[in-house]
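Chemist: Please read through the structure below; I'll follow up with questions.
Protein chains: 6
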Amino acid sequence: MDKRLAQLPWGAPVNFLGLPEGDAHEFEAAGVVILPVPYEATVSYMGGTRFGPRRILEASRYIELYDHEMDTEPHSIGVHTLPELLLSGAGPEAALAELREACDALLAREKFVIMLGGEHSISAPPIQAHASRLGATRRLSVLQLDAHGDLRSKYEGTPFSHACVMYRVHQDVDLVPVGIRAITSDERALMRAKKIPTIFGHELDPEGKWIERALASLGQDVYITIDIDFFDPSLVPSTGTPEPGGGTWYPTLRLLERVFTERHVVGVDVVELAPIPGVVAPDFLAAKLVYKLVAYHQRAHGADSRGR
Amino acid sequence: MDKRLAQLPWGAPVNFLGLPEGDAHEFEAAGVVILPVPYEATVSYMGGTRFGPRRILEASRYIELYDHEMDTEPHSIGVHTLPELLLSGAGPEAALAELREACDALLAREKFVIMLGGEHSISAPPIQAHASRLGATRRLSVLQLDAHGDLRSKYEGTPFSHACVMYRVHQDVDLVPVGIRAITSDERALMRAKKIPTIFGHELDPEGKWIERALASLGQDVYITIDIDFFDPSLVPSTGTPEPGGGTWYPTLRLLERVFTERHVVGVDVVELAPIPGVVAPDFLAAKLVYKLVAYHQRAHGADSRGR
Amino acid sequence: MDKRLAQLPWGAPVNFLGLPEGDAHEFEAAGVVILPVPYEATVSYMGGTRFGPRRILEASRYIELYDHEMDTEPHSIGVHTLPELLLSGAGPEAALAELREACDALLAREKFVIMLGGEHSISAPPIQAHASRLGATRRLSVLQLDAHGDLRSKYEGTPFSHACVMYRVHQDVDLVPVGIRAITSDERALMRAKKIPTIFGHELDPEGKWIERALASLGQDVYITIDIDFFDPSLVPSTGTPEPGGGTWYPTLRLLERVFTERHVVGVDVVELAPIPGVVAPDFLAAKLVYKLVAYHQRAHGADSRGR
Amino acid sequence: MDKRLAQLPWGAPVNFLGLPEGDAHEFEAAGVVILPVPYEATVSYMGGTRFGPRRILEASRYIELYDHEMDTEPHSIGVHTLPELLLSGAGPEAALAELREACDALLAREKFVIMLGGEHSISAPPIQAHASRLGATRRLSVLQLDAHGDLRSKYEGTPFSHACVMYRVHQDVDLVPVGIRAITSDERALMRAKKIPTIFGHELDPEGKWIERALASLGQDVYITIDIDFFDPSLVPSTGTPEPGGGTWYPTLRLLERVFTERHVVGVDVVELAPIPGVVAPDFLAAKLVYKLVAYHQRAHGADSRGR
Amino acid sequence: MDKRLAQLPWGAPVNFLGLPEGDAHEFEAAGVVILPVPYEATVSYMGGTRFGPRRILEASRYIELYDHEMDTEPHSIGVHTLPELLLSGAGPEAALAELREACDALLAREKFVIMLGGEHSISAPPIQAHASRLGATRRLSVLQLDAHGDLRSKYEGTPFSHACVMYRVHQDVDLVPVGIRAITSDERALMRAKKIPTIFGHELDPEGKWIERALASLGQDVYITIDIDFFDPSLVPSTGTPEPGGGTWYPTLRLLERVFTERHVVGVDVVELAPIPGVVAPDFLAAKLVYKLVAYHQRAHGADSRGR
Amino acid sequence: MDKRLAQLPWGAPVNFLGLPEGDAHEFEAAGVVILPVPYEATVSYMGGTRFGPRRILEASRYIELYDHEMDTEPHSIGVHTLPELLLSGAGPEAALAELREACDALLAREKFVIMLGGEHSISAPPIQAHASRLGATRRLSVLQLDAHGDLRSKYEGTPFSHACVMYRVHQDVDLVPVGIRAITSDERALMRAKKIPTIFGHELDPEGKWIERALASLGQDVYITIDIDFFDPSLVPSTGTPEPGGGTWYPTLRLLERVFTERHVVGVDVVELAPIPGVVAPDFLAAKLVYKLVAYHQRAHGADSRGR
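Top line first, the protein sequences correspond to chains Y, X, D, G, C and P.
Per the numbering used here, the very first residue in the first sequence carries number 7; after that it's consecutive.
Per the numbering used here, the very first residue in the second sequence carries number 7; after that it's consecutive.
Per the numbering used here, the very first residue in the third sequence carries number 7; after that it's consecutive.
Per the numbering used here, the very first residue in the fourth sequence carries number 7; after that it's consecutive.
Per the numbering used here, the very first residue in the fifth sequence carries number 7; after that it's consecutive.
Per the numbering used here, the very first residue in the sixth sequence carries number 7; after that it's consecutive.
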């Protein structure tokens with residue numbers, strides 16, 4: 007464009023936060039990378055998780071860039087939004103292999119990646135990628151905020167279902183499920199056998215003891231996977247199987263802030279938002295949650311903010 | 007079907023929980039019977055209560071059969087779903103007479119009936135049937151979870167309106183209304199005159215004193231009628247006249263669990279769900295609430311689980 | 007149930023048309039079998055085809071059983087609705103293999119099967135099953151009512167996508183696509199190379215010459231696959247990629263009626279309905295369309311109405 | 007209000023067309039009276055007809071007062087909108103008796119009444135009131151634009167259902183049903199036995215022969231009842247049981263215009279609009295249809311415009 | 007109307023609460039005047055605030071007139087609903103000047119005005135009108151319940167945007183913002199520079215200390231402006247930019263009740279409701295909130311209830 | 007991005023058609039420029055036109071790039087999508103002045119601009135810009151496809167309303183309105199006085215004589231403004247004031263194709279799409295319409311495809 011055109015009142019680009027393209031937010035320079043993965047293949051009560059990333063990006067454009075709780079400008083770390091990653095339609099195994107390659111490629115570039123889903127099955131590849139990078143001497147903790155256990159060994163004929171995602175990684179990482187309120191008896195048996203330190207939905211006490219319990223179970227290196235159905239359906243009705251009795255806004259932020267402060271967070275994802283047409287409040291909550299994650303990461307990493 | 011066909015991956019039948027038909031869940035064997043009554047005749051702000059039972063059944067198919075809070079499999083008591091009962095269009099008096107006959111017929115079979123509405127007017131027939139069965143020596147308590155008093159003597163030209171349902175039974179039973187937050191001055195005068203031990207919406211304290219108060223007002227034999235608008239509209243916007251300031255999930259479960267444990271519950275209903283197209287979270291909450299009622303009943307009745 | 011209970015005004019069962027279970031509509035006796043396949047795995051603009059079969063069944067309960075255009079009671083042939091067939095989540099290839107087995111098993115029982123989708127990829131297995139049954143000497147014609155060519159060789163990394171379904175069968179059958187109005191240049195080249203007698207959307211003339219053209223292209227044995235997006239979006243907005251300029255109600259019926267009268271129809275499917283919450287008119291149209299197919303089949307087969 | 011307040015830019019009142027209250031549009035002076043009857047008691051596929059009158063009034067405020075097809079200002083005849091008439095909740099018989107009294111009272115005042123429903127059962131009282139006024143020597147014709155026959159003798163336990171409305175009047179008037187496309191075999195038998203000159207949906211030919219046929223069947227005095235489901239669901243999806251294959255806009259206007267010109271129309275109603283939240287086009291169509299009826303009436307009655 | 011017509015069961019008029027017109031609720035006699043201002047010109051995430059007043063009025067018709075928490079009949083003070091005020095489309099400056107004239111004209115009549123928006127920019131004219139009436143010796147406090155600071159000096163090229171409304175008045179009044187959870191760094195700097203006693207969203211503690219803080223900051227004369235997005239989106243998703251972490255029902259009522267009791271409230275507004283089609287719970291909450299304001303005003307002003 | 011990252015299956019960018027950025031579709035190289043103007047300030051029945059451009063872009067990504075009716079690849083001309091142009095909130099006069107500057111700047115670059123609205127008021131600036139460029143010797147024709155006349159001199163206090171857009175330009179250009187079916191008597195008088203060759207909605211005959219009439223009225227240089235409410239509401243319910251009796255798909259394409267072939271089209275716009283959440287068919291129609299305009303322009307301009 008020439009100068010005359012450039013002076014016109016153009017709107018913000020379609021990326022997370024509507025940030026100006028280039029400079030601090032270029033891929034190379036950015037400390038944080040947003041990876042949208044609109045993958046939806048296995049089935050739940052309501053569908054539509056493939057529209058989750060797009061609606062989060064759209065809502066994010068209306069978030070104030072300044073964070074008044076922290077008195078910071080979290081975007082200053084540089085936030086780059088990648089295009090949507092369209093995984094193979096040949097089945098979940100092939101799709102997740104593609105995603106693993108994407109995760110490895112991004113981690114090779116030392117980026118702090120925030121992945122937006124899409125169904126929960128996509129959390130396994132980044133968790134495995136991070137666990138693999140840590141190597142044999144350090145063990146990854148996974149903080150799983152979720153209504154469902156996702157600890158089935160197989161579901162609808164495949165071990166790659168969203169209902170199996172935590173089963174697939176539970177041997178390789180220390181799993182800390184929080185907010186769980188829908189499981190099978192087999193999942194309960196596994197939790198008991200493997201001594202998985204689960205915090206159930208009815209244990210999310212107003213005094214916040216659950217926050218201490220969750221922190222105490224986490225090791226030094228933490229991956230956070232947030233299934234948006236962790237939140238109470240009054241806040242987020244927009245999800246496949248909305249279970250009553252979930253988490254609320256400020257206590258959840260308190261937990262997340264402390265994890266970033268007191269542990270080393272290697273990556274995060276926010277999945278399972280299935281937007282309801284015409285009802286944008288849950289999309290906005292998800293977008294603001296993602297920006298809070300950026301803010302906590304930015305404060306934790308200061309000037310040198312690459313994820314490591 | 008032949009064996010080859012039978013081996014195919016068929017989905018669950020359309021009943022409460024999607025249980026396999028036959029065996030434990032046959033009408034004869036089942037300890038619990040679900041009675042859908044999609045009756046909607048008198049008018050409120052939003053309509054659609056006749057779709058309530060259908061959406062509760064649909065949502066129930068996505069509930070985990072295992073109850074992790076109680077560590078039980080509540081369905082093991084046998085849960086049979088009846089077809090929808092289609093009441094007469096000739097007016098509420100005729101319709102409710104039909105329903106009374108249905109209640110009497112089911113009680114004659116010693117079933118524990120969970121009725122799904124439909125509008126609240128349908129609660130009078132089962133309450134009257136139970137009161138009648140108890141006879142002169144024992145008096146039925148009715149725990150009414152509700153936003154509205156429903157104590158009008160007449161409404162829109164008829165004493166059979168949903169707004170009159172509790173007036174119609176209040177002489178014959180001990181009424182314990184909980185969560186009330188919309189009444190007329192006449193209803194208030196009646197509450198005072200009859201010393202009805204009402205717990206108002208603004209009295210649902212976080213410490214749970216209201217639970218003790220409610221329990222203390224209940225006699226030994228209890229019928230529970232749950233107008234879904236008892237719950238806060240943030241949880242259940244899907245109802246005819248959603249009043250802010252209602253009940254929340256876990257405290258309500260605590261009350262219900264204790265009533266089943268400390269009293270003899272003879273029957274229950276869940277009414278007034280008016281599903282909003284595309285917003286399934288409230289339908290799911292209602293379905294899960296119904297399953298919690300099954301669970302509390304199952305534990306209370308153990309091996310011999312017929313309602314009596 | 008005992009007699010007292012049986013006399014109550016129970017609603018119709020949840021099957022196609024809400025027919026009484028047993029007798030003429032039992033699987034063994036029924037001339038027509040409805041096979042719901044809520045399969046949705048590959049992606050389009052809007053989703054929700056997995057809810058198609060359920061909404062068609064629900065809508066069908068409000069259809070009059072008498073067909074006044076034909077002056078018949080088409081249901082008298084016996085119409086049995088199977089449970090939903092839940093295909094594997096392991097990927098489209100495995101899922102479609104399961105469906106092929108289901109088709110073979112049903113054809114072995116000599117049933118006239120009307121399959122309800124679900125996404126269009128599920129049409130390949132029944133077409134292949136029928137082509138295989140006809141053997142080397144008779145060649146199956148496939149009448150494809152559709153907005154899209156579905157003649158891609160591969161889409162999103164798989165040859166089993168809904169966008170490839172007709173490519174997968176085009177070598178083995180005589181394809182007659184009607185209503186097409188969205189194709190790639192590759193699909194157009196294939197149509198030309200293979201001399202596929204395509205009738206495009208803009209060729210659906212009000213005088214009905216297209217009906218004659220379509221009939222002329224069809225051989226003796228015909229399978230009909232109706233992608234609901236064939237219809238104009240004014241009639242059916244409820245589909246993944248609604249293309250303007252589609253078919254209308256009465257002319258489409260005229261074509262279908264004649265195909266049943268003048269050819270031997272071996273099977274049909276109606277796919278790609280993606281219901282919009284709160285907008286039931288398209289669901290009702292789809293249900294009525296299915297009943298018209300039953301009616302045409304019933305008249306063609308008279309007393310001995312098995313599909314052969 | 008004082009003068010200073012009166013000068014502020016106040017919006018139009020909430021009545022049909024948003025007309026200024028008083029003067030020509032006062033009840034006494036008005037030639038046309040709009041009677042909203044939000045009655046909904048018997049059940050169909052989708053509900054919500056009780057919101058029909060309100061949404062028609064709301065939409066009517068955006069209609070241009072000038073009619074360019076007729077080059078007239080139809081509102082100049084005086085159009086008065088009555089409050090909603092709330093019929094008894096004691097059952098359809100009581101409710102319709104109330105409505106009959108309202109019709110008699112309005113006809114005693116020589117008003118041309120346009121009734122807005124609500125469900126179709128409300129058409130019987132005005133038809134009976136008009137037939138009664140005509141007396142023994144003149145017989146009323148009823149032009150019924152409708153998808154359904156509504157000729158059942160009883161439905162859901164009552165002869166006062168919307169599905170019975172035409173059966174209830176068919177002995178007393180000459181019925182001319184147009185657009186019918188859903189009936190039972192009993193209704194068809196009645197049509198044949200009584201020689202009811204029905205024009206079916208598939209007979210609505212583009213050349214307009216059906217218009218001549220309908221006119222030829224009508225006597226001198228005509229009541230018009232328009233069930234909005236007469237229109238094709240592409241135009242009006244907002245109705246209880248939307249049947250494909252219905253009427254279109256301009257041909258329907260042509261018929262109505264001619265009936266007003268060539269016959270004496272004594273009254274009309276427009277019923278069964280069940281608004282879909284967020285989809286206002288059908289509400290607008292219904293409102294514009296009502297204004298067309300005002301226009302045709304105004305031209306037919308010129309200076310002396312009372313309905314007689 | 008004559009007596010025969012008058013006896014018919016007419017529904018309530020379309021005004022706030024559906025009150026009978028005339029007598030106590032006439033403009034002259036009424037102590038409270040409802041002023042609907044459906045103004046929407048500047049842009050936010052979701053639109054539709056111009057439908058706010060209409061939906062609040064519609065919902066208000068289903069509110070019980072008796073207030074059981076206060077044991078009063080608040081409507082007895084006389085509540086008159088004005089027509090919608092349609093402000094100029096020539097731009098926000100002209101529109102707000104028109105509104106200022108309306109406010110001045112109503113205050114000259116000594117009415118207690120409850121204004122219903124519409125977007126938040128409309129709050130500046132009544133605040134300025136009240137501040138001007140108080141004169142130089144008394145300074146108006148403004149209690150702002152809001153998610154956003156609205157303290158930008160300019161937004162989208164104009165200082166009259168909804169995002170600037172509090173900036174426009176902050177020099178002339180003592181501003182007390184409550185519930186704020188989205189601001190720019192410039193707004194934060196202004197808050198600090200001007201020592202604006204802001205209570206942020208995360209400071210809304212369950213113990214209610216924030217209520218004391220807010221009261222302590224308020225002077226004797228108070229105008230209350232309630233941006234409905236103050237409430238948590240679980241309660242009110244129906245607003246332009248729904249921010250998680252907002253106010254809840256009973257605590258907010260406790261604050262408002264005390265302000266009316268312990269201060270002199272000169273006027274109020276409730277703005278920014280953007281109704282979601284089919285989801286009426288938030289509309290109902292807003293209507294009930296308005297009636298609570300009437301109740302608090304009525305009790306504060308007793309027999310002589312004019313706003314002063 | 008590095009090569010490893012570049013090889014991942016990234017989705018298409020968010021622009022019209024989802025075209026790869028750069029090369030032929032860069033601003034400099036592109037023959038066609040898409041200008042989204044989400045301006046919505048003046049009020050109609052339903053709102054939401056500011057979401058029109060965004061939903062058209064989103065839908066456009068699902069359009070096939072090949073045009074089978076013309077057997078061309080219209081995108082090969084180069085199609086560049088500009089960011090949204092956010093006009094001033096200071097009022098319509100200031101906003102439209104900004105837009106005029108944008109139009110002038112783009113025309114100075116010799117681009118063929120397709121503007122996406124937004125409300126109809128935005129059509130005046132490009133029309134005036136083109137008329138001005140043509141100079142005194144050549145007079146611009148404006149083909150207006152529209153349901154409304156938009157010939158008011160003033161509306162809601164401003165001459166810059168969407169209801170006035172054609173009045174504002176009618177002195178300077180030759181106006182050819184088509185599909186008009188809602189006007190005031192003043193607009194009709196102006197049409198008569200100025201001999202504006204209007205084709206009304208009821209004159210859109212199936213034989214297509216209206217197409218000849220429209221062509222005959224157009225001069226050599228033509229600007230096309232398409233208010234999407236020109237189309238029948240069965241096709242496009244998603245607009246502010248949906249008037250029944252509008253245009254249909256293929257005939258409208260026939261007119262547009264001929265205008266491009268037989269005249270010199272200097273620019274076009276598509277405005278007034280107000281998307282209904284969850285109903286995408288009209289968005290898709292609008293997107294496909296825009297691509298048809300690209301196709302007609304591409305064929306008319308061949309290798310040298312700049313708009314002139």
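Ideal Cβ positions, reconstructed from N, Cα and C, are used throughout, including at glycine.
1) Mind checking Ser127(P): buried by the 16 CB within 10 Å criterion, or exposed?
2) Quick check: is the beta carbon of Trp255(P) nearer than 8 Å to any beta carbon in chain D?
3) Could you give the DSSP three-state label for Met197(G): helix, strand or coil?
4) Go ahead and pull the three-state DSSP assignment for Ile69(X).
5) Let me make sure I understand the geometry here. Which of Glu249(G), Thr78(G), Gly123(G), Leu71(G) has the alpha-carbon closest to that of Leu41(G)?
6) Identify each residue in the segment 62-75 of chain G for which the Cβ-Cβ distance to at least one residue of chain P is less than 9 Å, and report them in chain order.
7) Answer with yes or no whether the minimum CB distance from Phe290(Y) to chain X is below 8 Å.
8) Bridge partners of Met52(P), per DSSP?
9) Would a check of beta-carbon distances place Glu90(P) closer than 8 Å to chain C?
10) If we define contact as Cβ-Cβ less than 8 Å, is Met121(X) a contact residue for chain D?
11) Taking all protein chains shown into account, do 16 or more other C-beta atoms lie within 10 angstroms of the C-beta of Ser256(Y), making it buried, or fewer, making it exposed?
12) What does DSSP give as the partner residues of His81(D) in its beta bridges?
13) Please say whether Val179(C) and Ile230(C) have beta carbons closer to each other than 8 Å?
14) Can you say whether Lys294(P) is buried or exposed, counting buried as having 16 or more other CB atoms within 10 angstroms of its CB?
15) Per the DSSP calculation, Ile282(D) is bridged to which residue(s)?
16) Under three-state DSSP, which class holds Asp122(C)?
17) For Tyr161(C), tell me which candidate among Arg144(C), Pro98(C), Phe118(C) has the shortest Cα-Cα distance.
18) What distance in whole Å lies between the Cβ atoms of Phe22(X) and Pro3(X), which are believed to be in contact at a cut-off of 8 Å?
19) Looking at C-alpha atoms only, which residue of Asp77(Y), Ala220(Y), Ala169(Y) is the closest neighbour of Tyr51(Y)?
20) Tell me which residues share the same chain as Glu249(P) and place their Cβ nearer than 6 Å to its Cβ, disregarding the 5 neighbours each side in the sequence.
Modeler: The answer reads as follows:
1) For the purposes of this step, residue 127(P) is identified with residue 121 of the sixth sequence, where counting begins at 1. Buried, because 16 or more other Cβ atoms sit within 10 Å of the Cβ of Ser127(P).
2) Locating residue 255(P) in the sixth sequence gives position 249, counting from the first residue. So, interface residue.
3) Translated into the one-based positions of the fourth sequence, residue 197(G) becomes position 191. Residue state, collapsed to three classes: helix.
4) Counting from 1 along the second sequence, the entry for residue 69(X) is found at position 63. Reduced to three states, the DSSP call for Ile69(X) is coil.
5) Translated into positions along the fourth sequence, residue 41(G) becomes position 35. Of the listed residues, the one whose Cα sits closest to Leu41(G) is Gly123(G).
6) Glu64, Ala65, Arg67, Tyr68, Ile69, Glu70, Leu71, Tyr72, His74, Glu75
7) The residue labelled residue 290(Y) in the question sits at position 284 within the first sequence. Closer than 8 Å: no.
8) Position 46 of the sixth sequence holds residue 52(P). BP columns for Met52(P) are empty, so no partner.
9) Within the sixth sequence, numbered from 1, the residue matching residue 90(P) stands at position 84. Not closer than 8 Å to any Cβ of chain C, the Cβ of Glu90(P) fails to qualify, so no.
10) Residue mapping note: residue 121(X) aligns to position 115 of the second sequence, counting from 1. No, its Cβ sits nowhere closer than 8 Å to a Cβ of chain D.
11) Mapped onto the first sequence, residue 256(Y) falls at position 250. Per the sequence shown, residue 256(Y) should be read as Tyr rather than Ser. By the 10 Å Cβ count, Tyr256(Y) comes out exposed.
12) Mapped onto the third sequence, residue 81(D) falls at position 75. DSSP lists no partner for His81(D).
13) Locating residue 230(C) in the fifth sequence gives position 224, counting from the first residue. Locating residue 179(C) in the fifth sequence gives position 173, counting from the first residue. Result no, Cβ atoms of Ile230(C) and Val179(C) do not sit closer than 8 Å.
14) Here residue 294(P) refers to the residue found at position 288 when the sixth sequence is read from its first residue. Buried: at least 16 other Cβ atoms inside 10 Å.
15) In the third sequence, counting from the first residue as 1, residue 282(D) sits at position 276. For Ile282(D), which the question treats as bridged, DSSP gives the partners Val285(D).
16) Counting from one through the fifth sequence, the residue named residue 122(C) turns up at place 116. Correcting the residue identity first, residue 122(C) is Leu in this sequence and not Asp. Here Leu122(C) sits in strand by DSSP.
17) On the fifth sequence, position 155 is the one that residue 161(C) refers to. Looking at the Cα atoms, Pro98(C) is the closest of the given residues.
18) Since the first residue of chain X shown is 7 and the last is 314, residue 3(X) is not available in this structure.
19) Mapped onto the first sequence, residue 51(Y) falls at position 45. The candidate whose alpha carbon is nearest that of Tyr51(Y) is Ala169(Y).
20) Numbered from 1 along the sixth sequence, position 243 holds the residue referred to as residue 249(P). Cβ neighbours of Glu249(P) beyond the five flanking positions: Ala153, Arg187, Ala188.
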